[in-house]
C-alpha cells in the first residue's frame, strides 16, 4: 500500500517563514552562540533553513564539539556539502576531534585534492604550526610586476578568503617575504613585486609550537604568518583569527590549571558531571596529600601549642597570608611568562624583585598587626606575629616567583605549580617559620 504524504498545513508554512525571517535578522555570531543551547532536532531545523553560505559561516563559528553534535542531526548529503565547503585547516581541526572511525569515513568521501590536503595537515605534530596553517593562499613570484600580480589574483578560479597578505617566493618556492594587497594595488603597475616586499619579515616552520606562532602574530600585529618547511619552502599561512582562537584556548587552559583543575577541552555546558569531577579530582587528591605536610608540622610542634595555647589562634591567619602572597607572585609571573615578558634567564632579577615586594608587604602587615596583637595578647606574642609576617611574606613571594620559572625550565607547564600548589607549600613552610620565631622569642616557655 502506497504511503500517503501529508500536506504541510498553512500554519506550519507560516511558522517556517517567520523562522526564516528571524534567522535572517540574527547575526552569525549570535546564531553560533544560541544553536548549541537548543536540542538537536531544533538545531538541525534552524540550520537547514539557513542559506548555504550563511550555514557554512555559522558552522565554522561553532566549537568543534558542537560541530560534531550538529553533524549527528543532519542528513549525510548536507554534511558532505559542509565538509566540501570548509577551509582545509578548519576541516582538519574537526576531523582531529572526531572519533577515528567517523573521521576516516568522512575523509574518504572528500574529493582527491581535499583528501590529500586534509591528510597532509593531520600528518603534522599536534599543537604545531603545520597542524593549524591553511594551505589555501596566493603566492607571487618576485619577478612579477605589480600589474601582473593583480591580474593573477583577479583570474584565480578559487580565491582564498584571506588575500590581504601575499607571500613572495622565488622559482623554487623559497619564501622571500610578503606583500600586502594594499601596497600591491597602490603601486606603480610596472614596479616589480620584489620592490614591494615588507622590510620586516616573519616566518615559522611547520614544527614550531602553535602558541609561539600565535604569540608572534599578536606581538608583531600580523594579519597572517608564513609557514615554511625545513628547506624554507612556503607551505601555508596562519591567519590572525586562528591565532586568536589558539591564544584563547591556551589562556583557558592556564586559567583551569591555576584553579587546580585540568582543562575541559570542550565548552562547559557540553561537559558532563563525571567529566567535571574527573578533571578536578586528581588535583584535589594531590593538594590533599600536599596538605598533609601542614598536619605533620603541627604534630611536630604539638608541645609548643600545649604550653602556649595562644599560638594556635594565629595559625590560620599566618598560613593564609603566606599562601595568598605566594599565590599573588606565582600568578603574576605565570602571566608574564605566557605573554613573553620574562624568561628563565631573568630568574635572579625576578626573585630579587619579588622578595623585596614580599618584604614590603610583610613590613606593612607587621606594622599594622604586631601592635594590635601585642596590646591584646602580650607584647612577646605581638613581636612573634610581626616578625613572622615579615619573614613569611618575603619567603612566600620568593617561592611563588621561582617555582613557575623552574617548572618551565624542566619542561612542565608553569600553570601546574600555580596558586593552589604554591599556597599549600607556603602553608607548611609558613608554620615552620612561625614556630621557629616563637622558639627564639619565648625560649624555654615553649618546651616547658
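Residue numbers (full-length UniProt numbering): 1 to 448. The beta-carbon is built from N, C-alpha and C at its ideal position, and this holds for glycine as well.
Check                                                                                                                                                                        : Outcome
Leaving out the 5 sequence neighbours to the left and right, which residues in its chain are closer than 6 angstroms to residue 382 when beta-carbon positions are compared? : 370, 373, 374
Would you mind working out which of 219, 168, 239, 199 sits nearest residue 89, comparing C-alpha positions?                                                                 : 239
For residue 227 versus residue 133, is the C-beta distance shorter than 7 angstroms?                                                                                         : yes
Please report the straight-line C-alpha distance between residue 149 and residue 184, rounded to a whole angstrom.                                                           : 8 angstroms
Run through the DSSP bridge pairs and tell me what residue 278 is partnered with.                                                                                            : According to DSSP, which records beta bridges pairwise, residue 278 is partnered with nothing at all.
Tell me which residues share the same chain as residue 361 and place their Cβ nearer than 7 angstroms to its Cβ, disregarding the 5 neighbours each side in the sequence.    : 325, 393
Quick check: the segment 76-86 against the segment 48-56, are there 3 or more CB pairs under 8 angstroms?                                                                    : yes
Does the separation of the CB atoms of residue 453 and residue 366 fall below 7 angstroms?                                                                                   : The first residue shown for the chain is 1 and the last is 448, placing residue 453 beyond what the model contains.
Assuming residue 210 contacts residue 129 (C-beta within less than 8 angstroms), just tell me the rounded distance between them.                                             : 6 angstroms
Below 7 angstroms between beta carbons: does that hold for residue 181 and residue 195?                                                                                      : no
May I have the straight-line CA-CA distance separating residue 3 from residue 229, to the nearest angstrom?                                                                  : Since pLDDT at residue 3 reaches only 42, below the 50 mark, its modelled position is unreliable, and the value read off the structure follows with that caveat. Answer to the nearest angstrom: the Cα atoms are 60 angstroms apart.
What does the alpha-carbon distance come out to for the pair residue 284 and residue 162?                                                                                    : 45 angstroms
Helix, strand or coil for residue 165, going by three-state DSSP, please let me know.                                                                                        : strand
With a cut-off of 8 angstroms, do at least 3 Cβ pairs link the segment 95-113 to the segment 136-145?                                                                        : no
Starting from residue 192, follow its DSSP beta bridges and name the residues at the other end.                                                                              : 145
Please state the DSSP three-state secondary structure of residue 392.                                                                                                        : helix
How would you write the range of the alpha helix (DSSP H) that residue 118 sits in, first residue to last?                                                                   : 112-122
Which residue comes first and which comes last in the alpha helix (DSSP H) that contains residue 220?                                                                        : Where residue 220 is concerned, there is no enclosing alpha helix (DSSP H), given that its DSSP letter is neither H nor E.
Out of 61, 225, 420, point me to the one whose CA is closest to residue 135's CA.                                                                                            : 225
Is the beta carbon of residue 204 sitting closer than 7 angstroms to the one on residue 168?                                                                                 : no
Would residue 206 be called buried (16 or more neighbouring beta carbons within 10 Å of its own) or exposed?                                                                 : buried
Report the residue from 52, 50, 68 whose alpha carbon sits nearest the alpha carbon of residue 40.                                                                           : 68
In angstroms, rounded to a whole number, what distance separates the CA positions of residue 397 and residue 337?                                                            : 16 angstroms
Indicate the three-state DSSP secondary structure (helix, strand or coil) for residue 8 in the structure shown.                                                              : Model confidence at residue 8 stands at a pLDDT of 40, short of 50, so the residue's coordinates are unreliable; what they give is reported in the following sentence. Residue 8 falls in the coil class under three-state DSSP.
Using a Cβ-Cβ cutoff of less than 6 angstroms, which residues in the same chain neighbour residue 400 once the five nearest sequence positions on both sides are dropped?    : 326, 329, 330, 422
Rounded to a whole number of angstroms, what is the C-alpha to C-alpha distance between residue 412 and residue 241?                                                         : 28 angstroms
Tell me the rounded alpha-carbon separation between residue 282 and residue 357.                                                                                             : 33 angstroms
Taking the C-alpha atoms as reference points, what is the distance between residue 430 and residue 319?                                                                      : 6 angstroms
If you draw a straight line from the alpha carbon of residue 156 to that of residue 410, how long is it in whole angstroms?                                                  : 49 angstroms
Which class does residue 361 belong to by DSSP, given the choice of helix, strand or coil?                                                                                   : helix
Are the beta-carbon atoms of residue 214 and residue 202 separated by less than 7 angstroms?                                                                                 : no
Please report how far the alpha carbon of residue 30 lies from the alpha carbon of residue 144, in whole angstroms.                                                          : 43 angstroms
Which of helix, strand or coil does DSSP assign to residue 177?                                                                                                              : strand
Just to confirm the assignment: which complete alpha helix (DSSP H) runs, minimum length 4, are found wholly within the segment 31-76?                                       : 40-49, 52-61, 64-72
Can you have a look at residue 300 and say buried or exposed, based on whether 16 or more other CB atoms are within 10 angstroms of its CB?                                  : exposed
Tell me whether residue 395 is buried or exposed, calling it buried when 16 or more other Cβ atoms sit within 10 Å of its Cβ.                                                : buried
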